[in-house]
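Engineer:
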Amino acid sequence: MKKVALAVTLFIGALLLYAAKDFSAWGDLQSPASASPVSKHFIADTGVDTEVPNMVTAVLADYRGFDTMFETVVIFIAGIAIIAILRCTGADADSLALERESDVATEPDLIVTNTVRLLIPVIQLFAFYVLAHGHVSPGGGFQGGVIMGASFILVALAWDLPKAMDRLSVDRAVMLAGVGILIYAGIGLFSMLLGGEFLDYAELYHVLPVSREMARYHAMLGVEIGVAFTVTTVMFAIYANLSTRGRLEGGL
Amino acid sequence: MFGEEGLLNELLVLLNKLLVERFNYCVYVVLLLIGLYAMIAKNNLIKKLIGMSIFQTAIILFYVSIGVKEGATIPIYVAEHDPHGHHAEHTVHIDEANATEVSEENATSLTASHEEDHGHHGPRSLTDEETSGYANPLPHVLMLTAIVVGVATLGVALALTQRIYRAYGTIEEDAVLAAIQAEESATVIPDVLATKPKQASAKSRKAKKA
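Respectively, the protein sequence lines represent chains A and B. Oh and the first sequence: position 9 is 8 in numbering that gives the first Met the number 0, straight run, nothing missing. Oh and the second sequence: position 47 is 46 in numbering that gives the first Met the number 0, straight run, nothing missing.
Below is the structure:
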């Protein structure tokens, strides 16, 4: 079996290396990725279309908004799936109850908890900064959401899961993940109601006191907030379920 | 003799092309192969998942290295190319220029001329020369979402692994397969005529408990 695997792997490797010699060289200006009209359009016109200096955010939340919406849905479904897979019922719960007694209960460490107490506000503030400043500097909903989720996971690591669940229970996390997608799709539907297409943010200038371009700018922020909701809560739900085998109690 | 040297030269050129100019692609191929081999050959499910993560990292490296552009910066406008900042500056200039005309013209004509100027000096697309200074944002966008979705799918895979451990008490693939086969052979023979597979599995569970 291992020899077959090795042969298959080496064969694929040889094919890939054979193909690699036809790729454009490192940093080639004429490479398809750099010379394509799509790339030129994104770089040249993002600022005109949307007034967002960060092209990555503009492409993510506006030009490819539909794609990103369903990426968010994928994350949401992953969170739901993990809960569905690990939820305990009947006999499983009994056998886990026996395991529970063998868990070693430890007191939260004084130094760790106090350090975390100081760190958490900074981490959360930084998460908001990354989220809200995603238009003009590297950042956005996914990154800010992950940092935010990490702050809740840090609480669970330093104390125990119930302490973190007091702040964000898994039920509420799933609900907020849905709210995130609703914010995203809601902005899309709202721009549809105003006469545009789905996720055609420019139409929001009817209700916002700004130009069409700035309407896209602000709608992107709204969409990123939706993404951040989903990512934050799903990251925490994944950690909470995986670290306790679906029991949602006890320490690490 | 001459022919052999030609062949050697060609080989050297090819190696130079592959290992020096396209080293990034070599690294991605090697990483991808490590991940692929781990996914196929390793017996432990967690090791398979580690292989999957390495595989994903290889793809991310591939995309990011495709997006590299000589002499280009990250795809965020610097101040002078930012049409928004540019635009704002222009408005101020127009206001200054118009300030002298205020005494001569009335308010309505001022706004009209202002809007006209707006059209002329408004945000403009970047020229070809300016666009060459920025990397293509698209590979970065794709990888940004790929990383987060990768974390989510890895979470689902780990959850499935935990579930398998709970059911079979092992995460070694061959042991799990042996357990499944033993379970099937224990139930299928008495239930050959049973039409509903659900009943069979329920019985097997009961048999296992007993």
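Note that beta-carbon positions come from the ideal geometry of N, C-alpha and C, so glycine has one too. These figures come from a predicted structure and were not determined experimentally.
Take residue 210 of chain A as the anchor and find which of A/16, A/48 and A/6 has the nearest alpha-carbon.
Structural biologist: For the residues A/16, A/48 and A/6, the minimum Cα distance to residue 210 of chain A belongs to A/48.
Engineer: How many angstroms separate the CA atom of residue 225 of chain A from the CA atom of residue 141 of chain A?
Structural biologist: When rounded, the distance between both Cα atoms is 10 Å.
Engineer: Can you say whether residue 246 of chain A is buried or exposed, counting buried as having 16 or more other CB atoms within 10 angstroms of its CB?
Structural biologist: So residue 246 of chain A counts as buried.
Engineer: Assign residue 15 of chain B to buried or exposed, taking buried as 16 or more other Cβ atoms, counted over all protein chains shown, within 10 Å of its Cβ.
Structural biologist: It counts as exposed.
Engineer: Just checking, does the region 172–188 of chain A make contact with the region 217–224 of chain A on the three C-beta pairs under 8 Å criterion?
Structural biologist: Taking 8 Å as the limit for Cβ pairs, the verdict is that the region 217–224 of chain A does touch the region 172–188 of chain A.
Engineer: Using three-state DSSP, classify residue 43 of chain B as helix, strand or coil.
Structural biologist: Strand, per DSSP.
Engineer: Strictly under 8 Å for the Cβ-Cβ distance: is residue 8 of chain A near chain B by that measure?
Structural biologist: Taking Cβ atoms only, chain B reaches closer than 8 Å to residue 8 of chain A, which makes this a yes.
Engineer: Count the other CB atoms, across all protein chains shown, that sit within 10 Å of the CB of residue 173 of chain B; report buried if there are 16 or more and exposed otherwise.
Structural biologist: Burial call: exposed.
Engineer: Within the continuous alpha helix (DSSP H) that includes residue 128 of chain A, where are the two ends?
Structural biologist: Residue 128 of chain A -> alpha helix (DSSP H) spans 109–131.
Engineer: Return the CA-CA distance between residue 27 of chain A and residue 173 of chain A, expressed in angstroms with no decimal places.
Structural biologist: Straight-line Cα distance between these residues: approximately 45 Å.
Engineer: With a cut-off of 8 Å, does the C-beta of residue 26 of chain A fall near any C-beta of chain B?
Structural biologist: Yes, residue 26 of chain A counts as interfacial toward chain B.
Engineer: Can you list, in chain order, the residues of the region 150–171 of chain B whose Cβ is nearer than 7 Å to any Cβ on chain A?
Structural biologist: Cβ contacts with chain A: 151, 152, 154, 155, 157, 158, 159, 161, 162 and 165.
Engineer: Note the first and the last residue of the continuous alpha helix (DSSP H) segment covering residue 146 of chain B.
Structural biologist: Where residue 146 of chain B is concerned, the enclosing alpha helix (DSSP H) stretches over 136–167.
Engineer: Specify, as a first and last residue, the run of the alpha helix (DSSP H) that residue 36 of chain A falls within.
Structural biologist: It spans 36–49 - the alpha helix (DSSP H) in which residue 36 of chain A sits, taken as one unbroken run.
Engineer: Rank A/147, A/124, A/120 and A/58 by C-alpha distance to the C-alpha of residue 136 of chain B and give the top, closest one.
Structural biologist: The shortest C-alpha separation from residue 136 of chain B is found at A/58.
Engineer: Can you give me, in chain order, the residues of the region 30–43 of chain A that have a beta carbon less than 8 Å from any beta carbon in chain B?
Structural biologist: If the cut-off is 8 Å between Cβ atoms, the region 30–43 of chain A has 30, 32, 33, 35, 37, 38, 39, 41, 42 and 43 near chain B.
Engineer: Could you tell me whether the region 70–89 of chain A touches the region 147–158 of chain A, where touching means 3 or more Cβ pairs closer than 8 Å?
Structural biologist: Touching, no.
Engineer: Could you check whether the Cβ of residue 16 of chain B sits closer than 8 Å to any Cβ belonging to chain A?
Structural biologist: Output row for residue 16 of chain B: interface = yes.
Engineer: So with Cβ pairs under 8 Å, would you call residue 48 of chain B a contact of chain A?
Structural biologist: It does not: the Cβ of residue 48 of chain B has no partner Cβ on chain A nearer than 8 Å.
Engineer: Counting only Cβ-Cβ distances shorter than 7 Å, please list the residues of the region 50–72 of chain A near chain B, keeping chain order.
Structural biologist: Of all residues in the region 50–72 of chain A, 50, 52, 53, 54, 55, 58, 59, 63, 67 and 70 have a Cβ within less than 7 Å of some Cβ in chain B.
Engineer: State buried or exposed for residue 35 of chain A, treating a residue as buried only when at least 16 other CB atoms are found within 10 Å of its CB.
Structural biologist: Flag for residue 35 of chain A reads exposed.
Engineer: Per DSSP, which residues does residue 75 of chain B bridge with? Please list them.
Structural biologist: DSSP lists A/53 as partners of residue 75 of chain B.
Engineer: Shorter than 8 Å from the beta carbon of residue 63 of chain B to some beta carbon of chain A?
Structural biologist: Output row for residue 63 of chain B: interface = no.
Engineer: Taking the straight line between their C-alpha atoms, what separation do you get for residue 2 of chain A and residue 41 of chain B?
Structural biologist: The alpha-carbon atoms of residue 2 of chain A and residue 41 of chain B are separated by roughly 12 Å.
Engineer: Run through the DSSP bridge pairs and tell me what residue 133 of chain B is partnered with.
Structural biologist: According to DSSP, which records beta bridges pairwise, residue 133 of chain B is partnered with B/72.
Engineer: Please list, in chain order, the chain A residues whose beta carbon lies closer than 7 Å to that of residue 8 of chain B.
Structural biologist: Within chain A, no residue comes near residue 8 of chain B; the closest Cβ sits about 16 Å away, beyond 7 Å.
Engineer: Is it true that the CB of residue 233 of chain A sits closer than 8 Å to the CB of residue 84 of chain A?
Structural biologist: No, Cβ-Cβ distance for residue 84 of chain A and residue 233 of chain A is not below 8 Å.
Engineer: Since residue 130 of chain B meets chain E, which of its residues come closer than 7 Å, beta carbon to beta carbon?
Structural biologist: Looking at the structure shown, chain E is missing, and the protein chains on hand are A and B.
Engineer: Let me check understanding here. Comparing Cα to Cα, which of B/154, B/27, B/167 and B/165 lies closest to residue 81 of chain A?
Structural biologist: For residue 81 of chain A, the nearest C-alpha among the options comes from B/154.
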